[in-house]
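Visitor: First the structure, which I've put down as structure tokens, then a few questions once you've had a look.
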Amino acid sequence: MEDLKTEIKEKVIEALKLADITPSDIDDEAPLFGEGLGLDSIDALELMLLLEKNYGIRLANPAEGKKVFVNVNTMAQYVADNRTR
Amino acid sequence: MKYSSSVRVTPSGIVLNEKRLAFASSGEDLLVEAYRKQIGDWPKFFKMDPLSKAGFVSSELLLSSEEPRKHDCEDRAVILYNRSGSLADDRIYEGTIRSKEEFYPSPAVFVYTLPNILTGEIAIRNKYYGETSFSVLEEFDPTTMIHGLESAFLDPMTASAIFGWVECGSEDDFDVCLFLVHKEGEGLKDFDEKEFLRIWKI
Amino acid sequence: MKQAVKISDNVISPLGIGTSENFLAIKDGKSALRLHSGAERDIPEDFCASIIDEDSLKEEYLKAGIPEDGYTPFEKRLMLSVSLALHGTGIDPSSDKVLFIISSTKGNVDLLHTEDPAGREYPGYSAKRVASFFGNPVPPVTVSNACISGLSAQINAVRELETGHFDTVIVTGGDIQSRFIVSGFQSFKALSKEPCKPFDAKRDGLNPGEAAATVIYSWKEPQKGDWVAVKGAIRNDANHISGPSRTGEGSFRALMAVLGDADRSDLAFVNVHGTATLYNDEMESIALSRAGLSEVPVNGYKGYYGHTMGAAGIMESVLSMKAVEEGVIIGMRGYSECGVSAPLNISADNRPASGTSFVKLLSGFGGCNAAMLFRKV
Numbered sequence: 000m001e002d003l004k005t006e007i008k009e010k011v012i013e014a015l016k017l018a019d020i021t022p023s024d025i026d027d028e029a030p031l032f033g034e035g036l037g038l039d040s041i042d043a044l045e046l047m048l049l050l051e052k053n054y055g056i057r058l059a060n061p062a063e064g065k066k067v068f069v070n071v072n073t074m075a076q077y078v079a080d081n082r083t084r
Numbered sequence: 000m001k002y003s004s005s006v007r008v009t010p011s012g013i014v015l016n017e018k019r020l021a022f023a024s025s026g027e028d029l030l031v032e033a034y035r036k037q038i039g040d041w042p043k044f045f046k047m048d049p050l051s052k053a054g055f056v057s058s059e060l061l062l063s064s065e066e067p068r069k070h071d072c073e074d075r076a077v078i079l080y081n082r083s084g085s086l087a088d089d090r091i092y093e094g095t096i097r098s099k100e101e102f103y104p105s106p107a108v109f110v111y112t113l114p115n116i117l118t119g120e121i122a123i124r125n126k127y128y129g130e131t132s133f134s135v136l137e138e139f140d141p142t143t144m145i146h147g148l149e150s151a152f153l154d155p156m157t158a159s160a161i162f163g164w165v166e167c168g169s170e171d172d173f174d175v176c177l178f179l180v181h182k183e184g185e186g187l188k189d190f191d192e193k194e195f196l197r198i199w200k201i
Numbered sequence: 000m001k002q003a004v005k006i007s008d009n010v011i012s013p014l015g016i017g018t019s020e021n022f023l024a025i026k027d028g029k030s031a032l033r034l035h036s037g038a039e040r041d042i043p044e045d046f047c048a049s050i051i052d053e054d055s056l057k058e059e060y061l062k063a064g065i066p067e068d069g070y071t072p073f074e075k076r077l078m079l080s081v082s083l084a085l086h087g088t089g090i091d092p093s094s095d096k097v098l099f100i101i102s103s104t105k106g107n108v109d110l111l112h113t114e115d116p117a118g119r120e121y122p123g124y125s126a127k128r129v130a131s132f133f134g135n136p137v138p139p140v141t142v143s144n145a146c147i148s149g150l151s152a153q154i155n156a157v158r159e160l161e162t163g164h165f166d167t168v169i170v171t172g173g174d175i176q177s178r179f180i181v182s183g184f185q186s187f188k189a190l191s192k193e194p195c196k197p198f199d200a201k202r203d204g205l206n207p208g209e210a211a212a213t214v215i216y217s218w219k220e221p222q223k224g225d226w227v228a229v230k231g232a233i234r235n236d237a238n239h240i241s242g243p244s245r246t247g248e249g250s251f252r253a254l255m256a257v258l259g260d261a262d263r264s265d266l267a268f269v270n271v272h273g274t275a276t277l278y279n280d281e282m283e284s285i286a287l288s289r290a291g292l293s294e295v296p297v298n299g300y301k302g303y304y305g306h307t308m309g310a311a312g313i314m315e316s317v318l319s320m321k322a323v324e325e326g327v328i329i330g331m332r333g334y335s336e337c338g339v340s341a342p343l344n345i346s347a348d349n350r351p352a353s354g355t356s357f358v359k360l361l362s363g364f365g366g367c368n369a370a371m372l373f374r375k376v
């Protein structure tokens, strides 16, 4: 699970072009949206694409994403439970 | 029309108000270096497409000498032109959907497939609520552009404009010439086609 | 006093060729929205859209002298639309006092999918080809302001006339709903699988649409019955590159720039953008309400044509002129229950119109918004 979390952090940083941030800067529990990393609605859509591209998970809509993209822990758990590759 | 500052940005260097700025890098790295040294507080820069990166850095440098720097206003327009529209980003987006097998259309790339996203980025950064407009020409054509600028000043709200050419063919291929133009202003230099061309040729 | 007077117009859509044919179709409640196969475009999902059958235009191209080869469908549609609009006007498009302004969001971008676009993907190149077809020597301008381009182009046209740079401006626009655009809007989860429901409580996205439209303005003394493009304004939300402002800031400011404190009672209606995305319609309702337009009838045409992008601002303006002339407010097709927080005067059915002017409103990515006031003399 720790490896998956680090992998997800790396992919998030790459997909969202978060300059000057390394995986160790992102707390597993810190909220991804709002204050945290300052992500917006386009980032949320990009995270949905990240899940599809890397783990074969298709979310129906951004509303569903809200539950998944709370923080790195919730994302990792969702990927572990639902990944098809 | 008058102008208070100008900036010329190409992959080989930056000339602000007719003075060459000292940077070590070139190409896309030049924009990053200029961002880090002169701007630094707008991490959204790294999410921008090549056109917006070039235009955003140029506009920030152009405004750096404005004292006090205008913020939260409706009387400043952003009137930009180029040749390639958003083709630099269009090609990147096409890459995300090229094959049926590897079909992952990226929303973060797609959103930049419109050149007027750049005018929006400048408006957001400076809280400019005024007119924003992007037009595409077949080639660099100061006559047509100055016509367009004169026309834009017909809006009674518009007193000044970030105006000019922001061409970008790819990450390392950009050519920018921007002016901060005022409808009127005492003690400022006249702005016309001749002056535009003089700065363009620097 | 000389003003920007409309000389002629044209609309080409799946519902017909010519403004009148299109107007009669939507007056009868006809919609061009159909479910289209994604597979045909190598897109995983099907989509609901209004798409022109290119073959249906062949005969018209022939009549207008437009060669079958050598031009892209995008270019040919604009050329046909301009050609039909010019017919009978006596305007010489080859004059250097005539300017072409093209309104398109993506032009020939679909060529990027081909092996070698050969420079034809450049917007200025296709604009030049369209203008050159009519022998026009002036460098054409392609307005690229996302979804407000059609109004932006008309606003620029009026100004180019007012400054005296040109005597006549031909504004033409359109877009092709290629794989590029459809996949992009799908990635934004912005498309509805059904005909869109503008301002409705159950709205769930927009439909892409294809059209080509033209409007021609000259600088002259308006005569009784003439349409005048009175005033237009573009304002930015200064908020977000894709999401509209929650306070409708740019649209509100554009409306105020155009209407000021003037009496709103002569307005037959406001023809809104009304894409049927959650945020657009909500934003427009707030802007209209802030601008004191809650009582004025509001309508939109996306339920008939979808979002025709570069054509939208032109087509929706000229169809609205026709509606005012005929004394009818075309119903907001797809609307049934108010789904925006600031209630507006909306009806799904056609209603009688009173008044001789209307406002056209548009918003787009990049935070841009445009409003324009048109009046029949």
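Residue numbers (numbering that gives the first Met the number 0), protein chains in the order written: chain A, 0 to 84; chain B, 0 to 201; chain C, 0 to 376. Idealized CB from N, CA, C, for every residue including glycine.
Check each candidate in B/V8, B/E93, B/P155 and B/E130 and name the one with the smallest Cα separation from C/E114.
Guide: Checking every option, the nearest Cα to that of C/E114 belongs to B/E93.
Visitor: Is B/V110 close to chain A? Criterion is C-beta to C-beta, closer than 9 angstroms.
Guide: Interface residue, yes.
Visitor: Kindly indicate the opening and closing residues of the alpha helix (DSSP H) around C/K127.
Guide: Element bounds for C/K127: P122 to F132.
Visitor: Below 8 angstroms on the Cβ atoms is my contact criterion, and I expect C/S186 with B/P106 to pass it. Report the Cβ-Cβ distance as a whole number of Å.
Guide: Confirmed, about 4 angstroms.
Visitor: Ordered along the chain, which non-local residues of its own chain (more than five positions away) have a Cβ less than 8 angstroms from that of C/S191?
Guide: Cβ within range, chain order: C47, R202, D203, G204, L205, N206 and A275.
Visitor: Rounding to the nearest angstrom, what Cα-Cα distance links C/R119 and C/S293 in this structure?
Guide: Distance between the alpha carbons of C/R119 and C/S293: 46 angstroms.
Visitor: Taking CB distances under 9 angstroms as the criterion, tell me whether A/K65 reaches chain B.
Guide: Not an interface residue.
Visitor: Quick check on A/I41 - is its C-beta less than 9 angstroms from some C-beta in chain C?
Guide: Judged by the 9 angstroms Cβ criterion, A/I41 is in contact with chain C.
Visitor: If the cut-off is 9 angstroms on Cβ atoms, which residues from the region 35–56 of chain C count as contacting chain B, listed in chain order?
Guide: Answer set for the region 35–56 of chain C: D41, I42 and P43.
Visitor: What residues in the region 81–99 of chain B bring their beta carbon closer than 8 angstroms to a beta carbon of chain C?
Guide: Answer in chain order: R82, S83, G84, S85, L86, D89, R90, Y92, E93, I96, R97 and K99.
Visitor: With a threshold of 9 angstroms between beta carbons, is C/S241 in contact with chain A?
Guide: Yes, its Cβ sits closer than 9 angstroms to a Cβ of chain A.
Visitor: Which of the residues in the region 182–199 of chain C, read from start to end, lie with their CB under 7 angstroms from any CB of chain A?
Guide: Taking 7 angstroms as the Cβ-Cβ cut-off against chain A, the residues of the region 182–199 of chain C that qualify are S186, F187 and K188.
Visitor: With DSSP run on the structure shown, which of helix, strand or coil describes C/Q176?
Guide: Reduced to three states, the DSSP call for C/Q176 is coil.
Visitor: Would you grab the beta carbon distance between C/K359 and C/E315 for me? Rounded to a whole angstrom, and I think it's under 8 angstroms.
Guide: Correct: roughly 6 angstroms between the Cβ atoms.
Visitor: Mind checking A/M0: buried by the 16 CB within 10 Å criterion, or exposed?
Guide: Exposed.
Visitor: Starting from C/C337, follow its DSSP beta bridges and name the residues at the other end.
Guide: DSSP, once it has assigned bridges, lists C/D199 as partnering C/C337.
Visitor: Find out if the Cβ-Cβ distance for the pair B/T118, B/D89 is shorter than 9 angstroms.
Guide: Going by C-beta atoms, B/T118 is not nearer than 9 angstroms to B/D89.
Visitor: Anything in the region 117–134 of chain B with a Cβ closer than 7 angstroms to a Cβ of chain C? List those residues in chain order, please.
Guide: Correct list: T118, G119, E120, A122, I123, K126, Y127, Y128, G129, E130, T131, S132, F133 and S134.
Visitor: Which chain B residues are close to C/R337, counting only those with a beta carbon under 7 angstroms from its beta carbon?
Guide: Checking the sequence, you will find Cys at residue 337 of chain C rather than Arg. Those do not exist, as C/C337 stays about 28 angstroms from chain B at its closest Cβ, beyond 7 angstroms.
Visitor: Would you list the residues sitting across from C/L254 in a DSSP beta bridge?
Guide: Note: C/L254 sits in no beta bridge, so no partner.
Visitor: For B/P42, go through chain A and note every residue whose CB falls closer than 7 angstroms to its CB, in chain order.
Guide: Per Cβ cutoff of 7 angstroms: A18.
Visitor: Which of helix, strand or coil does DSSP assign to C/Q2?
Guide: Reduced to three states, the DSSP call for C/Q2 is strand.
Visitor: Can you give the Cα-Cα distance for C/S353 and C/H272, rounded to whole angstroms?
Guide: Whole-angstrom Cα-Cα distance: 21 angstroms.
Visitor: A/E9 by DSSP, collapsed to three states: which one?
Guide: Of the three classes helix, strand and coil, the one that applies to A/E9 here is helix, per DSSP.
Visitor: Please identify the residue among C/D236, C/F251 and C/K219 whose C-alpha is closest to the C-alpha of C/Q404.
Guide: Residue numbering for chain C in the displayed model covers 0 to 376; residue 404 of chain C lies beyond these limits and cannot be assessed.
Visitor: Using a cut-off of 9 angstroms between C-beta atoms, extract the partners of B/A107 located in chain A.
Guide: Those within 9 angstroms of B/A107 in chain A are A14, L15, K16, I41, D42, L44, E45 and L48.
Visitor: If contact means a Cβ-Cβ distance below 8 angstroms, which residues of the region 230–264 of chain C contact chain B?
Guide: Going along the region 230–264 of chain C in chain order, one finds A232, I233, R234, N235, D236, A237, N238, H239, I240, S241, E248, G249, R252 and A256 with a Cβ nearer than 8 angstroms to chain B.
Visitor: Pull the bridge partners of B/G12 from the DSSP assignment, please.
Guide: B/T9.
Visitor: A/K8 touches chain B at which residues, Cβ-Cβ below 9 angstroms?
Guide: Near A/K8 there are no residues of chain B at all, since even the closest Cβ is about 17 angstroms away, more than 9 angstroms.
Visitor: Could you give the first and the last residue of the continuous alpha helix (DSSP H) run that contains C/R76?
Guide: Residues P72 to L85.
Visitor: At a Cβ threshold of 9 angstroms, is B/K46 touching chain A?
Guide: Closer than 9 angstroms to some Cβ of chain A, the Cβ of B/K46 qualifies, so yes.
Visitor: Below 8 angstroms on the Cβ atoms is my guess for C/T104 versus C/M371; work out the distance and round it to an integer in Å.
Guide: Actually they do not touch by this definition, with Cβ atoms about 18 angstroms apart.
Visitor: Using beta carbons (cut-off 9 angstroms, strictly below), is B/L136 in contact with chain C?
Guide: Taking Cβ atoms only, chain C reaches closer than 9 angstroms to B/L136, which makes this a yes.
Visitor: Just list the residues that DSSP pairs B/W199 with in beta bridges.
Guide: Bridge partners of B/W199: none, in fact.
Visitor: In whole angstroms, what is the alpha-carbon distance linking C/E159 and A/E9?
Guide: The alpha-carbon atoms of C/E159 and A/E9 are separated by roughly 52 angstroms.
Visitor: Return the first residue and the last residue of the beta strand (DSSP E) that C/N270 is part of.
Guide: Per DSSP, C/N270 belongs to the beta strand (DSSP E) from L266 to N270.
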